[in-house]
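So this is what it looks like as structure tokens:
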């Protein structure tokens, strides 16, 4: 588990765009490391106009893919995020020991962190729903959640696509600040890091790629949590409207930052009689027994 070129690039872009201004604490699912060579890391920093920093915090970069490796912690510290934690069964890099298959019961961690990341960690938990309930619990209202997971060519229990994180966003009223596919062609930079490229999250574009000639494809999303409510399990299609009173969705785009959220469409002509009856019954029940 680690942050390669694509993840580091996105973190720097978020920092440049001001999305990290109020981010003071981070917790990562997984004892995350930096998986790129120092020369490529330096090039990314230069692109973000970061030229002066403490190089001694990154002396282990060139050990990758051997050991010991560089923790992701100094990257977040460099971007002004001083409070760093991670959650993992292995306890590496000082991580808090936790089994993702089990509920997070330490309430002192609830709504504590401005940023929660999942760079390829939750795919290794068989109870994937519990893992993302934990992500939701950890994140403060107003905080950011970053998911980077494999669509094709992974080594976990599950593969992910756009519908996965968009379903979580719709059910839990997250806005989506950024999304992309990340293409890993299996080639390396001149310095030895794995090439990774963000491309627009468009299925037609993805279908033009010959999967037999690349190493892997991931989905990448940056989302913002807005409410202090219990995690809502996503449902697909009409089941979402029946279970969570969402009567179809459009996207509401915010220009600054360029994010989008799901909003209900309250067009009564598009709502089935069965769904209308259930909603009327639900409202009557809530008024009588609240």
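In our numbering, the protein residues as written are 3 to 292. In this text, a Cβ means the ideal position worked out from N, Cα and C, and glycines have one as well.
Item, Value
"Anticipated Cβ contact below 8 angstroms, residue 83 with residue 26, distance rounded", "6 angstroms"
"Beta-carbon proximity list for residue 193, same chain, < 7 angstroms, skipping 5 on both sides", "39, 41 and 42"
"Simplified DSSP state of residue 195, which is helix, strand or coil", "coil"
"Extent of the continuous beta strand (DSSP E) run through residue 142", "141-154"
"Where residue 96 sits in the DSSP three-state scheme", "helix"
"For residue 200, the three-state DSSP class (helix, strand or coil)", "strand"
"Three CB pairs or more closer than 8 angstroms across the region 142-161 and the region 214-225", "yes"
"For residue 12, the three-state DSSP class (helix, strand or coil)", "helix"
"First and last residue of the uninterrupted alpha helix (DSSP H) at residue 49", "40-49"
"Pair within 7 angstroms by beta-carbon distance, residue 123 and residue 4", "no"
"First and last residue of the uninterrupted alpha helix (DSSP H) at residue 168", "164-174"
"For residue 79, the first and last residue of its enclosing alpha helix (DSSP H)", "75-80"
"Burial state of residue 145, where buried means 16 or more other Cβ atoms lie within 10 Å", "buried"
"Option in 19, 34, 138 and 180 with minimal Cα separation from residue 78", "34"
"Terminal residues of the alpha helix (DSSP H) in which residue 207 lies", "205-208"
"DSSP-derived helix/strand/coil call for residue 68", "coil"
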